[in-house]
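Q: So that we are looking at the same thing, I have put the structure below in C-alpha cells.
Numbering (the UniProt record's numbering), first residue to last: 1 to 297.
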C-alpha cells in the first residue's frame with residue numbers, strides 16, 4: 001500500500017513509517033503535513049527548523065497557531081514575506097491569522113495583497129468577504145459573497161454570512177431568500193432558523209417565527225432562542241407554553257429581560273402577586289426595564 005492509499009484510510013503512522021528513511025525536502029514537507037494532522041505540532045517545528053521555503057513557513061506557522069502561539073505564527077510568516085514577497089499564500093495565511101485575532105484592518109491589508117497577485121481566488125475572496133462583514137461593510141461583503149456563491153452555491157458559510165449582511169442592511173426579504181436557499185439544500189443549521197425566526201418576528205408573523213424557534217430548540221437552542229419562543233408564544237396568547245419556554249431560558253442564563261417577560265406572562269396567567277413581586281426584582285436588576293413592567297406594580 002502506497003502513501004496516498006494510507007492517507008486516504010487515515011493510517012498516518014504507517015505513512016510516516018514509509019517516509020522514515022527519506023530525508024529529501026519533499027519527504028520532510030510531507031512528514032510535517034502528516035504530523036500537523038496528528039496534532040504533533042512541536043515535531044513539525046523541529047523537523048522544518050532551518051528549511052526556508054514557502055511550504056515550510058506555512059506549516060511551521062500553522063503548528064505555532066495550533067499551540068496558541070499566535071505571535072510566533074505571525075512572526076514566521078512575516079519573515080517569509082521578506083524572502084518571498086510575491087507569495088500570495090503567505091499573505092493569505094497572515095490574513096487568516098489576523099482575522100482570527102479580530103485585527104480586521106491588518107487582515108484586510110494582507111488579503112488585499114494576496115488578491116493583487118491572484119485576483120480570481122475564491123478562497124481569498126471569501127476571507128475578504130468575512131473580514132468586510134466583521135468590519136460592518138455589509139454591502140461590499142454581500143457583493144463578494146454573491147460572486148463566491150455563483151461559483152459554489154452550496155457554500156453554507158457564505159450563504160449564512162450573506163443572509164446576515166442583508167439582515168443588517170435592513171433587507172429582510174433578501175435575507176429570507178438566502179436563508180431559504182440554504183435550507184432548500186438540506187442544511188438544518190440552527191443559526192439560519194434563528195435568523196429566519198427573527199425576521200418573521202420583526203415583520204409580525206409570530207406563528208411562523210415560533211415554528212422556527214421550535215426547530216432551533218430541538219437542535220439544542222440557546223437561551224435567546226428560548227426567550228424568543230417565549231415572547232412569540234406570549235404574543236400569540238399561548239401563556240402556559242410561554243412560561244415553560246422562559247423558565248427553560250432562565251435555567252441557561254439569568255437575564256433581567258427574561259424575568260421581565262416572565263412577569264408579564266405571570267400577569268397574563270392571573271398570578272398578579274407573583275408578577276408584581278417579580279416586576280420589583282426586575283427594576284432592582286435593571287432600571288432601564290422599568291417602563292416594561294411599570295403597569296405590573
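Don't be surprised by glycine CBs; every beta carbon is placed ideally from N, CA and C.
DSSP three-state call for residue 169: helix, strand or coil?
A: In the chain shown, residue 169 corresponds to position 169, counting from 1. Coil.
Q: Taking 6 Å as the limit between beta carbons, can you name the residues of its chain near residue 248, skipping five residues before and five after?
A: If you number the chain shown from 1, residue 248 lands on position 248. So the list reads 226, once near-sequence residues are dropped.
Q: Given that a residue counts as buried once 16 or more other Cβ atoms are within 10 Å of its Cβ, and exposed if not, what is residue 266?
A: Your numbering for residue 266 matches position 266 in the chain shown. Counting Cβ neighbours within 10 Å, residue 266 comes out buried, since at least 16 surround it.
Q: Select from 283, 101, 106 the residue whose C-alpha is nearest the C-alpha of residue 91.
A: Residue 91 sits at position 91 when you count from the first residue of the chain shown. Residue 91 has its Cα closest to that of 106, out of 283, 101, 106.
Q: Residue 131 and residue 95 - do their beta-carbons sit closer together than 9 Å?
A: Walking along the chain shown from the start, residue 95 turns up at place 95. Walking along the chain shown from the start, residue 131 turns up at place 131. Yes.
Q: Under a Cβ-count criterion, where at least 16 other Cβ atoms within 10 Å of its own Cβ denotes burial, should residue 173 be classed as buried or exposed?
A: Position 173 of the chain shown, counted from the first residue, corresponds to residue 173. Looking at its Cβ environment, which holds fewer than 16 other Cβ atoms inside 10 Å, residue 173 is exposed.
Q: Just how far apart, CA to CA, sit residue 271 and residue 280?
A: Counting from one through the chain shown, the residue named residue 271 turns up at place 271. Counting from one through the chain shown, the residue named residue 280 turns up at place 280. Whole-angstrom Cα-Cα distance: 15 Å.
Q: Alpha carbons only, please: which of 201, 88, 128, 48 is nearest the one belonging to residue 103?
A: The count along the chain shown starts at 1 and reaches residue 103 at position 103. Per the Cα distances, 128.
Q: Contact check, residue 176 vs residue 162 under 8 Å by CB: the rounded distance?
A: Residue 176 sits at position 176 when you count from the first residue of the chain shown. Residue 162 sits at position 162 when you count from the first residue of the chain shown. Actually they do not touch by this definition, with Cβ atoms about 12 Å apart.
Q: With distances taken from CA atoms, which of 100, 145, 108, 134 is nearest residue 122?
A: If you number the chain shown from 1, residue 122 lands on position 122. Of 100, 145, 108, 134, the residue nearest in Cα terms is 145.
Q: Go through its chain and collect everything with a Cβ distance to residue 275's Cβ below 6 Å, but skip five positions before and after it.
A: Along the chain shown, read from residue 1 onward, the residue named residue 275 stands at position 275. So the qualifying residues of the chain are 263, 266, 267, 296.
Q: Please report the residue range of the alpha helix (DSSP H) in which residue 252 lies.
A: Here residue 252 refers to the residue found at position 252 of the chain shown. That run of the alpha helix (DSSP H) goes 239-252.
Q: Would you identify the three-state DSSP class for residue 256, choosing helix, strand or coil?
A: In the chain shown, the residue the question calls residue 256 occupies position 256. Here residue 256 sits in helix by DSSP.
Q: If you run the structure through DSSP and keep just helix, strand and coil, what is residue 103?
A: If you number the chain shown from 1, residue 103 lands on position 103. Coil.
Q: Excluding sequence positions up to five away, which residues of its chain have a Cβ less than 8 Å from the Cβ of residue 47?
A: The residue you call residue 47 lines up with position 47 of the chain shown. Correct list, in chain order: 28, 31, 32, 35.
Q: By a C-beta neighbour count over all protein chains shown, 10 Å radius and 16 as the cutoff for buried, is residue 159 buried or exposed?
A: Counted from its first residue, the chain shown places residue 159 at position 159. Buried: at least 16 other Cβ atoms inside 10 Å.
Q: On the criterion of 16 or more Cβ atoms from any shown chain inside 10 Å, does residue 120 qualify as buried, or is it exposed?
A: Your numbering for residue 120 matches position 120 in the chain shown. Under this definition residue 120 is an exposed residue.
Q: Check the C-beta distance from residue 206 over to residue 229 and give it rounded, since I have them as a contact under 8 Å.
A: As a first step, residue 206 must be located in the chain shown, where it is residue number 206. As a first step, residue 229 must be located in the chain shown, where it is residue number 229. About 11 Å separates the two Cβ atoms, so there is no contact after all.
Q: Report, in whole angstroms, the separation of the C-beta atoms of residue 156 and residue 182, which I expect to be a contact under 8 Å.
A: Looking up residue 156 in the chain shown gives position 156. Looking up residue 182 in the chain shown gives position 182. Your pair residue 156 and residue 182 checks out as a contact, with CB atoms roughly 6 Å apart and the cut at 8 Å.
Q: Out of curiosity, what's the CA-to-CA distance linking residue 298 and residue 88?
A: Nothing about residue 298 can be read from this structure; the chain reaches only from 1 to 297.
Q: If you measure between the beta carbons of residue 52 and residue 83, is that distance less than 9 Å?
A: Taking the first residue of the chain shown as position 1, residue 52 is located at position 52. Taking the first residue of the chain shown as position 1, residue 83 is located at position 83. The beta carbons of residue 52 and residue 83 sit closer together than 9 Å.
Q: From the DSSP output, in three-state form, read off residue 42 for me.
A: One-based indexing of the chain shown puts residue 42 at position 42. Here residue 42 sits in helix by DSSP.
Q: Take residue 195 as the anchor and find which of 292, 4, 167 has the nearest alpha-carbon.
A: Residue mapping note: residue 195 aligns to position 195 of the chain shown, counting from 1. Checking every option, the nearest Cα to that of residue 195 belongs to 167.
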